[in-house]
Amino acid sequence: MYAEDFIYDGRLLSDYGCMICSFGTSSGMETVGTGAQIALTTVTMHNGTRRSIVGAKYSEFIKSTFYICKNPCTYEDITMSPTEYRELVKWLNRRRFLPLRFISTIMPSPDPCYYNAMFNIQKITAGDKIIGAELTMETDSPFGHGEERVETVMPGYDGQDYIDYVSDEVGFIYPKVRIALMGVGNLTIHNSMDEEEMVITSCSNGEVIVMDGERQTLQSNFSAHDIYDCFNYNFIKLVSHLETGRNTFTSSVPCSIQITYSPIIRDLPL
Numbered sequence: 100m101y102a103e104d105f106i107y108d109g110r111l112l113s114d115y116g117c118m119i120c121s122f123g124t125s126s127g128m129e130t131v132g133t134g135a136q137i138a139l140t141t142v143t144m145h146n147g148t149r150r151s152i153v154g155a156k157y158s159e160f161i162k163s164t165f166y167i168c169k170n171p172c173t174y175e176d177i178t179m180s181p182t183e184y185r186e187l188v189k190w191l192n193r194r195r196f197l198p199l200r201f202i203s204t205i206m207p208s209p210d211p212c213y214y215n216a217m218f219n220i221q222k223i224t225a226g227d228k229i230i231g232a233e234l235t236m237e238t239d240s241p242f243g244h245g246e247e248r249v250e251t252v253m254p255g256y257d258g259q260d261y262i263d264y265v266s267d268e269v270g271f272i273y274p275k276v277r278i279a280l281m282g283v284g285n286l287t288i289h290n291s292m293d294e295e296e297m298v299i300t301s302c303s304n305g306e307v308i309v310m311d312g313e314r315q316t317l318q319s320n321f322s323a324h325d326i327y328d329c330f331n332y333n334f335i336k337l338v339s340h341l342e343t344g345r346n347t348f349t350s351s352v353p354c355s356i357q358i359t360y361s362p363i364i365r366d367l368p369l
């Protein structure tokens, strides 16, 4: 990914008169850590000639270091004043993850990639002048995400409808789900890509059920429905295989299922 600018917590780097840059590099080639490094737990077999995977998880999140300076196309003097540097520190060096997207006018991406990131910042000086800053970015995830998508399926009795789940990751996520019931009964929703079914008993016509699988929460607009006692705790998933991301849903009760998710994008932060 090539970028000259970024937007962080709703503010552009260029709003501060700065741009992404490099200092004194003699070659355009570099190796950049992108996170998504997989750590394996294995056991050996056949007298140590083979090993088998018993567990795999991401061992680190994305971390990248890059540089910024005042834009020489805008300023004749590109040194930063102490006040300008402190304004950058106040904006970037905060104790929580905030939304970040890199921007390029030269090589724009057709699929904008977002990160939740935080920065450490160090001053770059030449003599007694501040000429730029080194930014070390760390994210809350091993990959980036695309713009949020909202998809709706409407499976009926013995009917089906599908979503083409977009993801660079083979596996599954728990999306946000809103189910609007158009019938009465025990609700069973099956996804063709998932071996587990979601079941909620004693549903009513006109009931709206909202679930957040990531936070493991469930709500109904019908307060009389003791929904947690009626739920089998299989939250709806979106699943991606290597060949396809088509998730076909069937439902025992007619309903509208609204699914909200952000596609996983495995791209370099810079």
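If you use the working numbering, the sequence shown corresponds to residues 100 to 369, in order.
No residue lacks a Cβ here, since even glycine has one placed at the ideal position from N, Cα and C.
These numbers were taken from a predicted model, which means no experiment stands behind them.
For GLU250, same chain residues with a beta-carbon under 6 Å away, outside a window of 5 residues either side, are ILE262, ILE358 in chain order. Excluding its 5 nearest sequence neighbours in each direction, ARG345 has C-beta neighbours in its own chain below 6 Å: TYR261, ASP263, listed in chain order. Secondary structure in the segment 267-313: no alpha helix (DSSP H) run of 4 residues or longer lies completely within the stretch. By a beta-carbon distance limit of 8 Å, CYS354 contacts ILE278. Their separation comes to about 5 Å.
Contact between the segment 189-199 and the segment 208-224 is present, with at least three C-beta pairs closer than 8 Å. Separation of the CB atoms of SER339 and VAL252 is rounded to 17 Å, and the pair is thereby denied contact status at 8 Å. Residue nearest to MET118 within the set ASP108, TYR174, ILE161, SER163 is TYR174 (criterion: CA-CA distance).
Secondary structure at LEU234: strand, using DSSP grouped into helix, strand and coil. For GLN318, the pairing in a beta bridge is given by DSSP as VAL309. Ranked by Cα distance from ASN304, the options LEU286, ARG365, ILE223, MET297 are led by LEU286. Counted as a single uninterrupted DSSP element, the beta strand (DSSP E) harbouring THR224 occupies residues 214-225. DSSP places LYS228 in the strand class (E or B) of the three-state scheme. Its chain contains VAL265, THR359, TYR360, SER361, PRO362 as the residues whose beta carbon lies nearer than 8 Å to that of ARG248, once the 5 sequence neighbours on both sides are disregarded; these appear in chain order.
Relative to ALA323, the option among LEU337, ASN333, GLU306 whose CA is nearest is GLU306. Taking all protein chains shown into account, CYS172 has fewer than 16 neighbouring C-beta atoms within 10 Å of its C-beta and is therefore exposed.
Apart from sequence neighbours up to five positions away, the residues of its chain that approach THR178 with a beta-carbon distance below 7 Å are LYS228, ILE229, ILE230, ordered along the chain.
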